[in-house]
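Step one of this worksheet: look at the structure below.
Numbering (the numbering used here), first residue to last: 6 to 299.
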């Protein structure tokens, strides 16, 4: 049964890329953003005016003639429709007049997942360590699927992975998910089945996960524990750590680094270290990831 899943990986990967491309195309209706629509009053909007200025606030009134915004300070601003060049919701908040956007890739640390869901219709395209591209797409608000194959001569298309994930519960301060990361070379399949919980908000949180490896359908009874964390230190900067160890074993794989992010693009820079006898002390692996969210 596991092998049959991998036979689906290539068409699923192609489908995810097509969905990503479609989602990345400009949405004409969204770009105009000036039609009368019902909006949630707790959603923060960015309103760009024809004179080039930008306003941030929550919409109190939205008619065919005007839009009334309530700013973070509580002031009420009335803007005529003719003055609005574009209007769109943003994920974040305003601090001292500056927008602190949410991390667009809060569903993962460096490699390991957090408990948070991608969300229906959302996703991202990225590359791990320059040669490991991947795509993730949110099929529903709870379920997402990832796929990828290395950009290595002789390996691209021959080695690939698929990673479904289901978020069981998510609130502002907690998210719990379960998933599978499985890879195949055609003759052999291996991977890990895991559960992970993230505790805290999107600015500062800790993630704890437990996984069990498998190979060709045989499950390993020895668990591997992931302990990670994230701490926002600026409008576009977050510190991240991701660490792995097996209970009863002395070896520890640890990492630390920084993520820089904007509205859609993020870049991770860090170092993985392996504390183990096989490395005779320390082994260092530079970490470089780039991800574009859509």
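Cβ coordinates follow ideal geometry from the N, Cα and C atoms, glycine included.
Let me know the secondary structure DSSP gives residue 298 once reduced to three states. In the chain shown, counting from the first residue as 1, residue 298 sits at position 293. If DSSP states are grouped into helix, strand and coil, residue 298 belongs with the strands.
Here's the rule I'm using: 16 or more other beta-carbon atoms within 10 Å means buried, otherwise exposed. How should residue 221 be labelled? Walking along the chain shown from the start, residue 221 turns up at place 216. Under this definition residue 221 is an exposed residue.
Using only alpha-carbon positions, find the residue among 65, 72 and 202 that is nearest to residue 53. Along the chain shown, one-based indexing puts residue 53 at 48. Considering only alpha carbons, the answer is 72.
Evaluate the contact criterion for the stretch 84 to 93 versus the stretch 114 to 133: three or more CB pairs, one atom per stretch, below 8 Å. no
Spatial neighbours of residue 241 within its chain, please: C-beta separation below 7 Å, excluding the five flanking residues on both sides. On the chain shown, residue 241 is found 236 positions in, with the first residue counted as 1. Answer for residue 241: 265, 266 and 267, listed in chain order.
Residue 55 to residue 205 span [Cα, whole Å]: Locating residue 55 in the chain shown gives position 50, where the first residue counts as 1. Locating residue 205 in the chain shown gives position 200, where the first residue counts as 1. Each residue's alpha carbon lies about 39 Å from the other.
Tell me whether residue 292 is buried or exposed, calling it buried when 16 or more other Cβ atoms sit within 10 Å of its Cβ. Locating residue 292 in the chain shown gives position 287, where the first residue counts as 1. The residue in question, residue 292, is buried, as its Cβ has 16 or more Cβ neighbours within 10 Å.
Run through DSSP, which three-state label would residue 90 get? Within the chain shown, residue 90 is the residue found at index 85, counting from 1. Residue 90 falls in the strand class under three-state DSSP.
3 or more residues per run - each beta strand (DSSP E) lying fully within the stretch 139 to 199: Listed in chain order, they are 148 to 153, 165 to 175 and 179 to 189.
Buried or exposed, going by whether 16 or more other CB atoms sit within 10 Å of the CB of residue 121? Mapped onto the chain shown, residue 121 falls at position 116. Buried, by the Cβ-count rule.
Here's the rule: buried if 16 or more other CB atoms are within 10 angstroms of the residue's CB, otherwise exposed. What is residue 113? Locating residue 113 in the chain shown gives position 108, counting from the first residue. The residue is buried, with at least 16 neighbouring Cβ atoms inside 10 Å.
Whole-angstrom distance between residue 294 and residue 272, CA atom to CA atom: To locate residue 272, count along the chain shown from 1; it is residue 267. To locate residue 294, count along the chain shown from 1; it is residue 289. So the two alpha carbons sit approximately 6 Å from each other.
Kindly indicate which three-state DSSP category residue 279 falls into: helix, strand or coil? Position 274 of the chain shown, counted from the first residue, corresponds to residue 279. Look at residue 279 here: in three-state DSSP terms it is strand.
Would you say residue 217 and residue 198 are within 7 Å of each other, going by their C-beta atoms? Within the chain shown, numbered from 1, the residue matching residue 217 stands at position 212. Within the chain shown, numbered from 1, the residue matching residue 198 stands at position 193. A contact, by the Cβ cut-off of 7 Å.
Answer yes or no: do residue 137 and residue 155 have a C-beta to C-beta separation smaller than 7 Å? Here residue 137 refers to the residue found at position 132 of the chain shown. Here residue 155 refers to the residue found at position 150 of the chain shown. In contact: residue 137 and residue 155 (Cβ atoms closer than 7 Å).
Could you check the C-alpha separation between residue 78 and residue 252 for me, to the nearest Å? One-based indexing of the chain shown puts residue 78 at position 73. One-based indexing of the chain shown puts residue 252 at position 247. So the alpha carbons of these two residues sit roughly 50 Å apart.
In chain order, each beta strand (DSSP E) run of at least 3 residues that lies wholly inside the stretch 201 to 232: 209 to 220
Anyone know if the C-beta pair for residue 119 and residue 203 falls short of 7 Å? Translated into the one-based positions of the chain shown, residue 119 becomes position 114. Translated into the one-based positions of the chain shown, residue 203 becomes position 198. Contact: yes.
Between residue 184 and the rest of its own chain, which residues show a CB-CB distance below 7 Å, the 5 nearest in sequence each way excluded? Within the chain shown, the letter at position 179 stands for residue 184. Within its own chain, the residues whose Cβ lies closer than 7 Å to the Cβ of residue 184, once the five positions on either side in sequence are excluded, are 118, 168, 169, 170, 171 and 199, listed in chain order.
How would you call residue 290, buried or exposed, if buried means at least 16 neighbouring beta carbons within 10 angstroms? The count along the chain shown starts at 1 and reaches residue 290 at position 285. Exposed, because fewer than 16 other Cβ atoms sit within 10 Å of the Cβ of residue 290.
Please name the residue in 129, 213, 175 and 225 whose C-alpha comes closest to that of residue 235. For the purposes of this step, residue 235 is taken as the residue at position 230 of the chain shown. Ranking 129, 213, 175 and 225 by CA distance to the CA of residue 235 puts 213 first.
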